Amino acid sequence: MENFIFQNPVKLLMGRGMIAQLSKEIAADKRIMITFGGGSVKKNGVYDQVREALKNHYTVEFWGIEPNPSIETLRKAIALGKEQQVDYLLAVGGGSVIDGTKLIAAGLLYEGDAWDLVLARRPVTNTVPLSTVLTLPATGSEMNNGAVISRHETKEKYPFYANFPLFSILDPEVTFTLPPYQVACGLSDTFVHIMEQYMTTPGQSRVMDRWAEGVLQTLVEIAPKIRENQHDYQLMADFMLSATMALNGFVAMGVSQDWATHMIGHEITALHGLTHGHTLAIVLPATLRILRKSKGEKLLQYGERVWGIISGTKEERIDEAIRRTEEFFRSLGLTTRLHEEEIGQDTIVEIERRFNERKANYGENGEVTGEVAREILESAL
Ligand code: NZQ
Ligand code: ZN
11 MENFIFQNPV KLLMGRGMIA QLSKEIAADK RIMITFGGGS VKKNGVYDQV REALKNHYTV
71 EFWGIEPNPS IETLRKAIAL GKEQQVDYLL AVGGGSVIDG TKLIAAGLLY EGDAWDLVLA
131 RRPVTNTVPL STVLTLPATG SEMNNGAVIS RHETKEKYPF YANFPLFSIL DPEVTFTLPP
191 YQVACGLSDT FVHIMEQYMT TPGQSRVMDR WAEGVLQTLV EIAPKIRENQ HDYQLMADFM
251 LSATMALNGF VAMGVSQDWA THMIGHEITA LHGLTHGHTL AIVLPATLRI LRKSKGEKLL
311 QYGERVWGII SGTKEERIDE AIRRTEEFFR SLGLTTRLHE EEIGQDTIVE IERRFNERKA
371 NYGENGEVTG EVAREILESA L
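For what it's worth, my numbering labels the leading residue of the sequence shown as 11, then goes sequentially.
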């Protein structure tokens, strides 16, 4: 196990009716800007619950943070927040609204263009406090300090780090209205978050391995049931908690991480707009195929503990573990090959070019260069 420092300050309020707690959790004298996406919260009662809870607070609303939040939209939110002198942010939505609000939190205290903060690739600690009401289990953004910001005019998409939310409210009932495709992408994203922190060098930590495998097993168990009945509170509660636990640092203590699949997936989203979790369902099986040598021992452990694969030669068991992984994504209703999304060689060439330009060396061992990314994507064709 490597040395590590762990601190996650986010307070979780989980369960039915918890949105009402907003009135107590946010000080009465705050000037709050509430940020939203495209309007799903108006159809499922979340907006009404938030309004009711904050009826005695000063609030300004900012609407229209889109999936894969763009700097173009966030600049408008920052301008409104400065004009209204807000000193608290409440993000109400999925990962995109929360991520976008993390950049707004930094941008409100920055004089220049907030895109500078993304390009600087340094965590920003000078931010306005922010909290969240989560409506889509997937990203873990409600309990981490990361965000991913897009710039539509140049088709770029990069990670950005700021401060953690102060608290996050997770009411599983608000997920009942999610489109099934978003549920599938959320399950896929959660699965791959665990894999990015688990499918690395074996033997680094028994505890981390089993926590990770526990979340993976939970997802494998609940996914088909959720696809049958998305209104089952207990199932959606387990999904929500799995997503939060998958990317809040708890499974990453003292172990190495990968994230190559994510970096390739972000490029596919930037170039084609394909939903984040869906890009991962295409890229992860291909990453495992191409990196099967360096990941072989861990693939055997994963195959046995998550999929019960115990017979056959090592190579056969590795094949089967990768096959079952791809099959899992397909069982969610997602495609797992680029051609199924009409993405072809020109995109692969462009991603290789971008990776080469930034001298990319992603992955646990830095082995995912532009050339390896091309091999991965060609294996996903
Ligand atoms: O915009 P509205 O109308 O709210 O609709 C949203 C949106 O269209 C809808 N939705 C959300 N909750 C709903 C709902 N519809 C009905 N009922 C509900 N309860 O779902 C659509 C997608 O929402 P979005 O926030 O884009 O999805 P997600 O949570 O998957 O976030 C994706 C973004 O997060 C980034 C991704 O790259 C992507 O930009 N990620 C952030 C991470 C982080 N902060 O740590 C890590 C992840 O790896 C990921 O990269
Ligand atoms: Zn992700």
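The C-beta atom is built at its ideal place from N, Cα and C for all residues, glycine as well. These figures come from a predicted structure and were not determined experimentally.
8 Å Cβ cutoff met for residue i and residue j
{"i": "Leu245", "j": "Ile236", "result": "yes"}
{"i": "Arg41", "j": "Val128", "result": "no"}
{"i": "Gly287", "j": "Asp181", "result": "no"}
{"i": "Val138", "j": "Leu90", "result": "no"}
{"i": "Val378", "j": "Ala262", "result": "no"}
{"i": "Ala124", "j": "Arg85", "result": "yes"}
{"i": "Phe46", "j": "Gly122", "result": "no"}
{"i": "Phe260", "j": "Trp221", "result": "yes"}
{"i": "Gly298", "j": "Leu310", "result": "A quick correction: the sequence has Leu, not Gly, at residue 298. Taking 8 Å as the Cβ cut-off, Leu298 and Leu310 do not qualify as a contacting pair."}
{"i": "Ala256", "j": "Gly150", "result": "yes"}
{"i": "Ser178", "j": "Glu152", "result": "yes"}
{"i": "Val316", "j": "Val230", "result": "yes"}
{"i": "Ile7", "j": "Val60", "result": "The requested residue 7 does not occur in the structure, where the chain is confined to residues 11 to 391."}
{"i": "Pro190", "j": "Asn155", "result": "no"}
{"i": "Gly380", "j": "Phe365", "result": "yes"}
{"i": "Leu290", "j": "Ala233", "result": "no"}
{"i": "Gly264", "j": "Glu71", "result": "no"}
{"i": "Leu294", "j": "Val202", "result": "yes"}
{"i": "Lys112", "j": "Leu144", "result": "no"}
Residues that residue i bridges to, as DSSP identifies them
{"i": "Lys167", "result": "Ser160"}
{"i": "Ser141", "result": "Leu100"}
{"i": "Val70", "result": "Met43"}
{"i": "Ser178", "result": "Leu22, Thr142"}
{"i": "Tyr372", "result": "Val378"}
Simplified DSSP assignment, three categories, for residue i
{"i": "Glu377", "result": "coil"}
{"i": "Thr335", "result": "helix"}
{"i": "Tyr208", "result": "helix"}
{"i": "Ser80", "result": "strand"}
{"i": "Asn154", "result": "coil"}
{"i": "Ile75", "result": "coil"}
{"i": "Trp125", "result": "helix"}
{"i": "Leu245", "result": "helix"}
{"i": "Arg384", "result": "helix"}
{"i": "Phe260", "result": "coil"}
{"i": "Leu391", "result": "coil"}
{"i": "Trp221", "result": "helix"}
{"i": "Ile268", "result": "The sequence given here has Asp at residue 268, not Ile. Three-state DSSP puts Asp268 in coil, outside helix and strand."}
{"i": "Phe188", "result": "One detail in the question is off: residue 188 reads as Leu in this sequence, not Phe. Three-state DSSP puts Leu188 in coil, outside helix and strand."}
{"i": "Met255", "result": "helix"}
{"i": "Gln355", "result": "helix"}
{"i": "Glu12", "result": "coil"}
{"i": "Leu113", "result": "helix"}
{"i": "Arg327", "result": "helix"}
{"i": "Gly213", "result": "coil"}
Whole-angstrom distance between residue j and residue i, CA atom to CA atom
{"i": "Glu166", "j": "Gly110", "result": "15 Å"}
{"i": "Leu188", "j": "Thr323", "result": "42 Å"}
{"i": "Ala146", "j": "Glu325", "result": "Per the sequence shown, the amino acid found at residue 146 is Leu instead of Ala. Cα-Cα distance, rounded: 38 Å."}
{"i": "Glu367", "j": "His272", "result": "18 Å"}
{"i": "Val359", "j": "Gly283", "result": "17 Å"}
{"i": "Arg340", "j": "Thr346", "result": "7 Å"}
{"i": "Ala101", "j": "Ile108", "result": "5 Å"}
{"i": "Asn54", "j": "Tyr243", "result": "15 Å"}
{"i": "Glu62", "j": "Thr69", "result": "12 Å"}
{"i": "Ala87", "j": "Gly318", "result": "49 Å"}
{"i": "Glu238", "j": "Leu342", "result": "11 Å"}
{"i": "Tyr208", "j": "Ile328", "result": "16 Å"}
{"i": "His162", "j": "Gln94", "result": "27 Å"}
{"i": "Trp73", "j": "Lys92", "result": "16 Å"}
{"i": "Ile29", "j": "Gly48", "result": "20 Å"}
{"i": "Phe338", "j": "Glu314", "result": "15 Å"}
{"i": "Ile320", "j": "Thr210", "result": "20 Å"}
Just checking, does the region 166-176 make contact with the region 207-216 on the three C-beta pairs under 8 Å criterion?
no
State whether the region 371-390 contacts the region 272-285, with contact taken as three or more CB pairs (one from each stretch) at a distance under 8 Å.
A contact exists between the region 371-390 and the region 272-285.
At a cut of 8 Å, does the region 67-80 reach the region 21-30 through at least three beta carbon pairs?
Contact fails: fewer than three Cβ-Cβ distances are below 8 Å.
How about the region 248-266 and the region 28-44: do they share at least three Cβ pairs that are nearer than 8 Å?
no
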